[in-house]
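Before any comments, here is the structure.
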Amino acid sequence: MKKRKTWGGARPGAGRPKGSGTGSSPDARVYRVAIMLSRVDRERLESLAAGTGKPVATIAYELIVRGLRNGARGPRTS
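This note's numbering applies: residue 354 is where the sequence shown begins, and numbers increase by one.
This is the structure:
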(Lines of atoms letter the chains of each structure in order from A; the text may use other names.)
(Lines give C-alpha, C1' and ligand atoms only; values in the text may rest on other atoms or scores of the structure.)
Protein backbone atom coordinates (compact mmCIF):
# COMPACT_ATOMS: atom_id res chain seq x y z
CA MET A 354 0.00 0.00 0.00
CA LYS A 355 1.30 3.44 -0.91
CA LYS A 356 1.97 5.85 1.95
CA ARG A 357 -0.31 8.88 2.12
CA LYS A 358 1.52 12.18 1.99
CA THR A 359 -0.03 14.08 4.88
CA TRP A 360 1.08 16.10 7.87
CA GLY A 361 -0.86 13.90 10.29
CA GLY A 362 0.36 11.82 13.18
CA ALA A 363 -0.22 11.52 16.90
CA ARG A 364 3.44 11.41 17.87
CA PRO A 365 4.94 14.27 19.88
CA GLY A 366 6.20 16.83 17.41
CA ALA A 367 4.19 15.38 14.55
CA GLY A 368 1.76 17.36 12.46
CA ARG A 369 1.98 20.48 10.38
CA PRO A 370 5.12 22.47 11.21
CA LYS A 371 4.50 25.84 12.84
CA GLY A 372 4.54 28.58 10.22
CA SER A 373 3.94 26.31 7.23
CA GLY A 374 0.36 27.49 6.80
CA THR A 375 -1.02 30.87 5.85
CA GLY A 376 -0.60 33.86 8.11
CA SER A 377 1.74 36.70 8.77
CA SER A 378 4.10 34.81 11.09
CA PRO A 379 4.42 31.50 12.91
CA ASP A 380 3.23 33.12 16.16
CA ALA A 381 0.44 35.19 14.63
CA ARG A 382 -2.34 33.06 16.11
CA VAL A 383 -0.81 32.17 19.47
CA TYR A 384 -2.54 34.83 21.56
CA ARG A 385 -6.17 35.29 20.58
CA VAL A 386 -8.31 38.10 21.94
CA ALA A 387 -12.07 38.35 21.60
CA ILE A 388 -13.75 41.75 21.73
CA MET A 389 -17.38 42.81 21.86
CA LEU A 390 -18.39 45.78 19.73
CA SER A 391 -21.57 47.77 19.58
CA ARG A 392 -23.42 47.71 16.29
CA VAL A 393 -22.16 51.21 15.46
CA ASP A 394 -18.53 50.30 16.22
CA ARG A 395 -18.79 47.07 14.20
CA GLU A 396 -20.22 48.96 11.23
CA ARG A 397 -17.42 51.53 11.47
CA LEU A 398 -14.82 48.76 11.58
CA GLU A 399 -16.40 47.07 8.55
CA SER A 400 -16.41 50.41 6.73
CA LEU A 401 -12.71 50.94 7.44
CA ALA A 402 -11.96 47.42 6.21
CA ALA A 403 -13.97 47.89 3.02
CA GLY A 404 -12.19 51.19 2.34
CA THR A 405 -8.76 49.60 2.60
CA GLY A 406 -9.58 46.26 1.02
CA LYS A 407 -8.27 44.42 4.08
CA PRO A 408 -10.15 41.87 6.19
CA VAL A 409 -12.01 43.18 9.25
CA ALA A 410 -9.77 41.12 11.56
CA THR A 411 -6.64 42.70 10.05
CA ILE A 412 -7.98 46.23 10.56
CA ALA A 413 -8.99 45.40 14.15
CA TYR A 414 -5.52 43.99 14.82
CA GLU A 415 -3.79 47.03 13.34
CA LEU A 416 -5.94 49.43 15.38
CA ILE A 417 -5.28 47.58 18.63
CA VAL A 418 -1.54 47.31 18.04
CA ARG A 419 -1.31 50.97 17.02
CA GLY A 420 -3.12 51.97 20.20
CA LEU A 421 -0.85 49.86 22.37
CA ARG A 422 2.30 51.17 20.71
CA ASN A 423 1.10 54.76 21.10
CA GLY A 424 0.76 54.31 24.84
CA ALA A 425 -2.88 53.36 25.35
CA ARG A 426 -3.38 53.17 29.11
CA GLY A 427 -6.80 51.60 29.46
CA PRO A 428 -10.49 52.19 28.87
CA ARG A 429 -11.85 55.71 28.94
CA THR A 430 -14.15 56.51 31.81
CA SER A 431 -15.51 59.68 30.16
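Backbone N, C-alpha and C fix where the C-beta goes; we use that ideal spot for every residue, glycine too.
The structure displayed is predicted, hence computed values, not measured ones.
Inset, instruction - Pull up the CB-CB distance for Val409 and Glu399, whole angstroms please, since I reckon it's below 8 Å. - result: 6 Å
Legend entry - Ser400 - containing alpha helix (DSSP H), residue span: Arg392 to Thr405
Inset, instruction - Could you spell out where the alpha helix (DSSP H) holding Arg419 opens and where it closes? - result: Val409 to Arg422
Inset, instruction - Below 8 Å on the Cβ atoms is my guess for Leu401 versus Ile412; work out the distance and round it to an integer in Å. - result: 5 Å
Legend entry - Sub-9 Å separation of Lys407 and Glu396 beta-carbons: no
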